[in-house]
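Trainee:
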Amino acid sequence: MAALTDAKRLVVKIGSALLVDAATGTLRAEWLTALAGDVARIRARGTDVILVSSGSIALGRGVLGLPLTPLALEQSQAAAAVGQIRLARAYEEALAPHGIIAGQVLVTLEDSEDRRRYLNSRATMETMLGLGVTPIVNENDTIATDEIRYGDNDRLAAQVAVTIGADQLILLSDVDGLYTANPNIDKTAQHIEHVAKLTPSIEAMAGDATSGLSKGGMITKIIAARVATDAGCAMAITLGSPLHPLLALENGARATWFAAQTDPQAARKRWIAAMKPRGTITIDDGAKAALGRGTSLLPAGVIKIEGTFGRGDLVTINDAGGAQLGQGLVRYTSAEAQQIKGRRSTDIVTVLGYNGRAALVHRDDMVL
Numbered sequence: 001m002a003a004l005t006d007a008k009r010l011v012v013k014i015g016s017a018l019l020v021d022a023a024t025g026t027l028r029a030e031w032l033t034a035l036a037g038d039v040a041r042i043r044a045r046g047t048d049v050i051l052v053s054s055g056s057i058a059l060g061r062g063v064l065g066l067p068l069t070p071l072a073l074e075q076s077q078a079a080a081a082v083g084q085i086r087l088a089r090a091y092e093e094a095l096a097p098h099g100i101i102a103g104q105v106l107v108t109l110e111d112s113e114d115r116r117r118y119l120n121s122r123a124t125m126e127t128m129l130g131l132g133v134t135p136i137v138n139e140n141d142t143i144a145t146d147e148i149r150y151g152d153n154d155r156l157a158a159q160v161a162v163t164i165g166a167d168q169l170i171l172l173s174d175v176d177g178l179y180t181a182n183p184n185i186d187k188t189a190q191h192i193e194h195v196a197k198l199t200p201s202i203e204a205m206a207g208d209a210t211s212g213l214s215k216g217g218m219i220t221k222i223i224a225a226r227v228a229t230d231a232g233c234a235m236a237i238t239l240g241s242p243l244h245p246l247l248a249l250e251n252g253a254r255a256t257w258f259a260a261q262t263d264p265q266a267a268r269k270r271w272i273a274a275m276k277p278r279g280t281i282t283i284d285d286g287a288k289a290a291l292g293r294g295t296s297l298l299p300a301g302v303i304k305i306e307g308t309f310g311r312g313d314l315v316t317i318n319d320a321g322g323a324q325l326g327q328g329l330v331r332y333t334s335a336e337a338q339q340i341k342g343r344r345s346t347d348i349v350t351v352l353g354y355n356g357r358a359a360l361v362h363r364d365d366m367v368l
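Residues 1 to 368 (this note's numbering) make up the sequence shown, in order.
Next up, the structure:
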């Protein structure tokens with residue numbers, strides 16, 4: 001069974017009901033302060049932490065005095081606009097005493113379905129983590145409509161875990177895990193500590209949401225578990241309401257762990273390998289040797305560009321003799337690649353007129 005202390009890259013999902021008092025619409029500041037302490041302790045042992053947090057609409061609703069009844073779309077978006085400022089500030093103030101910089105990332109479902117946006121999101125969060133920033137991710141409720149919404153942050157958290165290559169995802173919830181039936185209705189329901197593999201019988205155990213502020217029920221958590229575990233990310237559902245919920249999980253608090261079905265890197269490589277190439281990049285012997293050492297593909301080693309492709313499309317990588325070396329997701333369009341091939345990465349800004357990414361194909365987006 002997975003253990004939180006083993007995580008190398010951790011995504012934590014926080015629901016509205018944990019952050020915002022349902023009766024007053026105000027922030028649960030003591031709870032957030034305690035969570036920030038958990039995050040600081042986990043980061044101190046070298047683990048990357050990404051927080052996926054609800055709460056903007058709930059906070060904005062309280063500020064604007066809107067009722068707890070379902071809001072019209074325009075009211076929800078207005079509440080999100082007001083609440084998002086307060087949510088970001090709350091995380092900034094909670095993490096700052098630990099010397100941690102918070103960074104806000106707002107996304108929609110479209111961002112993960114479009115490869116270009118997906119790669120941009122991944123690159124941005126990777127850079128934030130490299131700079132020691134803790135990303136605070138939320139759905140962009142101020143612009144999202146039903147067609148481009150995740151609809152709940154359980155599935156958003158799973159997608160963030162996939163995007164960033166996390167090995168663990170923790171859903172802090174109003175329940176302490178999965179039961180054989182709804183424990184609020186069926187007193188004989190049994191808690192399930194470990195799920196080795198999702199099956200139809202496991203999925204049939206899912207129930208509906210019971211919280212007035214939280215949209216996610218057990219059904220959405222099971223969907224999140226499938227997305228995460230298929231991508232090599234173990235997932236846990238545990239009770240989030242106590243102070244220091246992550247410390248409690250480390251100390252043996254009740255939870256349901258869903259086992260990863262592979263590892264994140266292998267899952268990503270399979271996803272890339274299954275795509276259809278849109279073009280071919282031919283490289284020289286120096287670049288070929290560099291790829292063999294595990295480096296990214298830089299423009300300097302490229303001698304020919306074939307095909308028409310956009311940013312985020314799959315391209316085949318060939319050596320000078322025409323033999324296929326691998327495939328990868330390209331970071332420039334075919335027209336841009338033609339312009340910068342054979343040039344140093346430091347020349348990109350001069351050639352293209354803007355300072356683009358140094359690699360044409362990053363090693364994390366490549367299968368050899």
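Every residue gets a Cβ at the ideal spot worked out from N, C-alpha and C, and that includes glycine. All values reported here derive from a predicted model rather than from experimental measurement.
Thinking just about the alpha-carbon of each residue, which of Asp167, Asp111 and Ile100 is nearest to the one in Ile136?
Mentor: As a position in the sequence shown, residue 136 is number 136, starting the count at 1. The candidate whose alpha carbon is nearest that of Ile136 is Ile100.
Trainee: Return the chain-ordered list of same chain residues with a C-beta closer than 6 Å to the C-beta of Pro245, the five sequence neighbours on each side being excluded.
Mentor: Position 245 of the sequence shown, counting from 1, holds the residue named residue 245. Answer for Pro245: Leu172, listed in chain order.
Trainee: For Met205, which of helix, strand or coil comes out of DSSP?
Mentor: Here residue 205 refers to the residue found at position 205 when the sequence shown is read from its first residue. Coil, per DSSP.
Trainee: Alpha carbon to alpha carbon, how far is Ala189 from Met218?
Mentor: Locating residue 189 in the sequence shown gives position 189, where the first residue counts as 1. Locating residue 218 in the sequence shown gives position 218, where the first residue counts as 1. Each residue's alpha carbon lies about 14 Å from the other.
Trainee: Can Val315 and Val330 be called in contact, C-beta distance under 8 Å?
Mentor: Looking up residue 315 in the sequence shown gives position 315. Looking up residue 330 in the sequence shown gives position 330. Yes, the Cβ-Cβ distance between Val315 and Val330 is below 8 Å.
Trainee: From which residue to which residue does the beta strand (DSSP E) around Glu306 run?
Mentor: Walking along the sequence shown from the start, residue 306 turns up at place 306. Note, Glu306: beta strand (DSSP E), Val302 to Gly307.
Trainee: What does a CB cutoff of less than 8 Å around Leu198 pick up in its chain, not counting 5 residues either side in sequence?
Mentor: Start at 1 with the first residue of the sequence shown, and residue 198 comes out as number 198. Cβ neighbours of Leu198 beyond the five flanking positions: Ile222, Ala225, Arg226, Thr229 and Phe258.
Trainee: Take Ala300 and list the residues in its own chain whose beta-carbon comes closer than 6 Å to its own, dropping the five residues that flank it on each side.
Mentor: Here the question's residue 300 lines up with position 300 in the sequence shown. Contacts found: Arg344.
Trainee: On the DSSP letters alone, give me the boundaries of the alpha helix (DSSP H) that Val351 sits inside.
Mentor: On the sequence shown, residue 351 is found 351 positions in, with the first residue counted as 1. That run of the alpha helix (DSSP H) goes Ile348 to Leu352.
Trainee: So what's Glu193 in DSSP terms, helix, strand or just coil?
Mentor: Counting from 1 along the sequence shown, the entry for residue 193 is found at position 193. It is coil, neither helix nor strand.
Trainee: Going by DSSP, what residue range makes up the alpha helix (DSSP H) through Val160?
Mentor: By one-based count along the sequence shown, residue 160 stands at place 160. Element bounds for Val160: Asn153 to Ile164.
Trainee: Report the rounded CA-to-CA distance for Pro67 versus Ala23, giving the unit in angstroms.
Mentor: Along the sequence shown, read from residue 1 onward, the residue named residue 67 stands at position 67. Along the sequence shown, read from residue 1 onward, the residue named residue 23 stands at position 23. Computed Cα separation, rounded: 11 Å.
Trainee: Which two residues bound the contiguous beta strand (DSSP E) that contains Ser16?
Mentor: Stepping through the sequence shown from its first residue, residue 16 is reached at position 16. For Ser16, no beta strand (DSSP E) encloses it; the enclosing alpha helix (DSSP H) starts and ends at Ser16 to Leu19.
Trainee: If you reduce the DSSP assignment to three classes, tell me which class Gly328 lands in.
Mentor: By one-based count along the sequence shown, residue 328 stands at place 328. It is a strand residue.
Trainee: Can you tell me the Cβ-Cβ gap for Ser76 and Asp176, rounded? I've got them flagged as a contact below 8 Å.
Mentor: Counted from its first residue, the sequence shown places residue 76 at position 76. Counted from its first residue, the sequence shown places residue 176 at position 176. About 29 Å separates the two Cβ atoms, so there is no contact after all.
Trainee: Taking just the CA atoms, how far does Asp6 sit from Thr210?
Mentor: The residue labelled residue 210 in the question sits at position 210 within the sequence shown. The residue labelled residue 6 in the question sits at position 6 within the sequence shown. Low per-residue confidence applies at Thr210: pLDDT is 42, beneath 50, and the placement is therefore not dependable, though the value from the model is reported in the following sentence. Each residue's Cα considered, the two are about 32 Å apart.
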